[in-house]
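One structure is given here, and the rest of the page talks about it.
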Amino acid sequence: MNSIRSFQTVILTLLVVGILLLALGGYLTPLSRLALSPFIGVQTWLATRYQAIQDFITAPRDMGRLIQQNAELQAEISRLQTQIIELQQQNSELAVLSALLDFARTHPENQYLTASVIGRDPNPFLRYVIINRGSDDGLRRGMPVVSQKGLVGRIAAVTANGASVQLITDPGTSVNVLLQPSGVEAALSGSITGEVSLDMIPQDALIKSGDLILTSGLGGDYPPNILIGQVTSVRQKPFELFQSASVQPVVDFSQLKIALVITNFRPVDITPLIATPVAP
Amino acid sequence: MAVFIAFPILGLLVILQSAIVAQVPLLHGSADLILLALIAWGVQPRVTTSWHWTVIAAFLLSIVTALPLATVLLAYLLVTGLTRVLRGRIWQWPLLVMLTVTFLGTLIIQLLTIVTLRITGTTIPLGASFNLITLPSALLNLLLAIPMYALIGDLASWIYPEEIEI
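Note that the protein sequences, when read in sequence, are chains X and G.
So the first sequence is numbered by the working numbering: it starts at 51 and just counts up by one.
So the second sequence is numbered by the working numbering: it starts at 40 and just counts up by one.
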């Protein structure tokens, strides 16, 4: 009985060793391919279906997550764009303030107060702007207003927290000016269209396009030597008493956002000093 | 209620006028939101406070304009008077009254402005003023008249609800 069992063990061992040797020798590969082929086919079919079902179940959740991510990124883009605009605006304001500071340094004799332009006169005939500084900040009627480029106008009315500035382009404005390099004196006036012109230029005065226009200080309304603009064209008619000229102001009044008020200048009212004819 | 609500509404319009509308000119003319609001309020059939609104508007506007209060007040009172007269004559077509008074009101206000400026010593060329300021302003006002009429009409319906007989 024992001998039969030993014989079976030997046979089984030889069979296993033989199969192993055949497998190691590669002789069983076609057989194993044949045996595994249906199994792989079934597994592939099953895996594909499982993947499809899994995609079907998980896709809506992923879409929702993507939509949420997209919304978050859009919000981030909007926030960054807003930040860029704010920074550009700050940069622009910084440039203006820097230029104003340079202007103030070149005119150390004056004391300045910075003010922002917050509105314009609603009446289209008038050229006034409203600034955000008033009598609480020490502003008084008649104080000159300048920008980093040159003369803007003067304060026409003051409230506690705001003031109205009459621009030099207003039709009611008249500024005594000095032309450089000729040294000729003239009167500058505005108009309803916002253009500025020179009048009262003596007929014998030699002026030409490109001459600089500065405040003369005569009349006591403005401090002297503040730049206003340049002569662009001269009109001279032999039958008129005076020449006139068109002026290109250095200040772009449509883009005026920040201005400096010269606070240590007090305008002089010379009206009582003007001689009036006395009846004999 | 109808008088008190004039302060925030007209105040807001004055701010809009000064901060935005005055900086959007057509040639050299600009729209007048306060004028349009006063006319639109005056043409509403049940409104009885148009004179109050006119005085409030003139005072509010005088804060931001260099024009004398008397000129602004007179101009707006004339416009409101014209609105009420025409409202009685052409009561079936308030929109027609709105457009007519808008055009005439623009002329009245600008004529009074020119007269005032001349009195104060400012020379204003009439031809250029008419072409460059008055006509563009009138055009802008006419363009904005209809939306303003609709807005103020809604406001008037809210403040003066129609009485229903039961």
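Backbone N, C-alpha and C define an ideal beta-carbon position, used for all residues, glycine too.
All of these numbers come straight from a predicted model, not from anything done at the bench.
Beta bridge counterpart(s) of residue i as assigned by DSSP
{"i": "X/Val92", "result": "Bridge partners of X/Val92: none, in fact."}
{"i": "X/Thr164", "result": "X/Leu310"}
{"i": "X/Ile181", "result": "X/Val167 and X/Ala213"}
{"i": "X/Glu235", "result": "X/Leu228"}
{"i": "X/Pro288", "result": "Bridge partners of X/Pro288: none, in fact."}
{"i": "X/Leu277", "result": "X/Leu264"}
{"i": "X/Gly203", "result": "X/Val195 and X/Leu217"}
{"i": "G/Leu65", "result": "G/Gly68"}
{"i": "X/Thr247", "result": "It should be noted that the sequence gives Ser, not Thr, for residue 247 of chain X. Answer by DSSP bridge pairing, in chain order: X/Ser239 and X/Ser296."}
Integer-rounded CB distance, given that residue j should sit under 8 Å from residue i
{"i": "X/Gly336", "j": "X/Gly184", "result": "What the structure shows of chain X is the stretch from 51 to 330, and residue 336 of chain X is not part of that stretch, so it cannot be assessed."}
{"i": "G/Trp80", "j": "G/Ala177", "result": "Wrong, their Cβ atoms sit about 20 Å apart, outside the cutoff."}
{"i": "G/Thr141", "j": "G/Ile73", "result": "At roughly 12 Å, the Cβ-Cβ gap does not stay under 8 Å, so G/Thr141 and G/Ile73 are not in contact."}
{"i": "G/Gly68", "j": "G/Ile172", "result": "5 Å"}
{"i": "G/Ile129", "j": "G/Leu121", "result": "The Cβ separation is near 12 Å, so there is no contact."}
{"i": "G/Ala41", "j": "G/Ile198", "result": "5 Å"}
{"i": "G/Val33", "j": "G/Ala70", "result": "Since the displayed chain G opens at 40 and closes at 205, residue 33 of chain G lies outside it and no answer follows."}
{"i": "X/Gly169", "j": "G/Ser57", "result": "4 Å"}
The ligand MN heavy atom lying under 6 Å from the CB of residue i
{"i": "X/Val281", "result": "You won't find the ligand MN in this model; it holds no ligand whatsoever."}
CB contact flag (residue i, residue j, <7 Å)
{"i": "X/Val227", "j": "X/Ala255", "result": "no"}
{"i": "X/Thr282", "j": "X/Ser259", "result": "yes"}
{"i": "G/Ser101", "j": "G/Val94", "result": "no"}
{"i": "X/Gly192", "j": "X/Pro221", "result": "no"}
{"i": "X/Met250", "j": "X/Phe292", "result": "yes"}
{"i": "G/Ala76", "j": "G/Leu52", "result": "yes"}
{"i": "X/Leu310", "j": "X/Thr219", "result": "no"}
{"i": "X/Leu229", "j": "X/Asp261", "result": "yes"}
{"i": "G/Arg126", "j": "G/Val82", "result": "yes"}
{"i": "X/Gly200", "j": "X/Val301", "result": "yes"}
{"i": "X/Val146", "j": "X/Val179", "result": "no"}
{"i": "G/Ala189", "j": "G/Met137", "result": "no"}
{"i": "X/Pro172", "j": "G/Thr104", "result": "yes"}
{"i": "X/Leu189", "j": "X/Val208", "result": "yes"}
{"i": "X/Asn141", "j": "X/Ile312", "result": "no"}
{"i": "X/Ile320", "j": "X/Gly270", "result": "yes"}
{"i": "X/Ser232", "j": "X/Ile263", "result": "no"}
{"i": "G/Gly144", "j": "G/Val118", "result": "yes"}
{"i": "G/Ala114", "j": "G/Leu55", "result": "no"}
{"i": "X/Gln198", "j": "X/Leu150", "result": "yes"}
{"i": "G/Pro175", "j": "G/Leu66", "result": "yes"}
{"i": "X/Thr265", "j": "X/Pro252", "result": "no"}
{"i": "X/Pro317", "j": "X/Val246", "result": "no"}
{"i": "X/Ala210", "j": "X/Leu248", "result": "no"}
{"i": "X/Arg155", "j": "X/Leu217", "result": "no"}
Coil, strand or helix - residue i by DSSP
{"i": "X/Leu262", "result": "strand"}
{"i": "X/Gln198", "result": "coil"}
{"i": "X/Ala295", "result": "strand"}
{"i": "X/Val208", "result": "strand"}
{"i": "X/Thr282", "result": "strand"}
{"i": "X/Ile334", "result": "Lying before the first or after the last residue shown, residue 334 of chain X is absent from chain X, which here runs from 51 to 330."}
{"i": "G/Pro133", "result": "helix"}
{"i": "X/Pro252", "result": "strand"}
{"i": "X/Asp112", "result": "helix"}
{"i": "G/Ala41", "result": "coil"}
{"i": "G/Glu202", "result": "coil"}
{"i": "X/Phe106", "result": "helix"}
{"i": "X/Glu159", "result": "coil"}
{"i": "X/Gly188", "result": "coil"}
{"i": "X/Phe303", "result": "helix"}
Inset, instruction - For the region 55-66 of chain G, enumerate the residues whose C-beta is nearer than 8 Å to any C-beta of chain X, in chain order. - result: Going along the region 55-66 of chain G in chain order, one finds Gln56, Ser57, Ala58, Val60, Ala61, Gln62 and Pro64 with a Cβ nearer than 8 Å to chain X.
Inset, instruction - Name, going along the chain, the residues of the region 71-103 of chain G whose beta-carbon falls closer than 9 Å to a beta-carbon of chain X. - result: Answer in chain order: Asp71, Leu72, Ile73, Leu100, Ile102 and Val103.
Inset, instruction - Note down, in chain order, all residues in the region 146-177 of chain G with a beta-carbon under 8 Å from any beta-carbon belonging to chain X. - result: The region 146-177 of chain G vs chain X, Cβ under 8 Å: Gln149, Thr152, Ile153, Leu156, Thr159, Gly160, Thr161, Thr162, Ile163, Pro164, Ala167, Ser168, Leu171, Ile172 and Ser176.
Inset, instruction - Note down, in chain order, all residues in the region 160-172 of chain X with a beta-carbon under 8 Å from any beta-carbon belonging to chain G. - result: Under the 8 Å Cβ criterion, the region 160-172 of chain X contributes Ile168, Gly169, Arg170, Asp171 and Pro172.
Inset, instruction - Check each residue of the region 188-218 of chain X: if its Cβ is closer than 9 Å to any Cβ of chain G, include it; give the result in chain order. - result: Listed by position, the residues of the region 188-218 of chain X near chain G (Cβ gap below 9 Å) are Ala206, Ala207, Thr209, Gly212, Ser214 and Gln216.
Legend entry - Proximal residues, the region 105-117 of chain G versus chain X, C-beta separation under 7 Å: Residues of the region 105-117 of chain G with a C-beta atom less than 7 Å from some C-beta of chain X are Ala105 and Leu106, listed in chain order.
Inset, instruction - Scan the region 240-257 of chain X for residues whose Cβ lies nearer than 9 Å to a Cβ of chain G and list them as they occur along the chain. - result: Cβ contacts with chain G come from Ser241, Ile242, Thr243 and Gly244.
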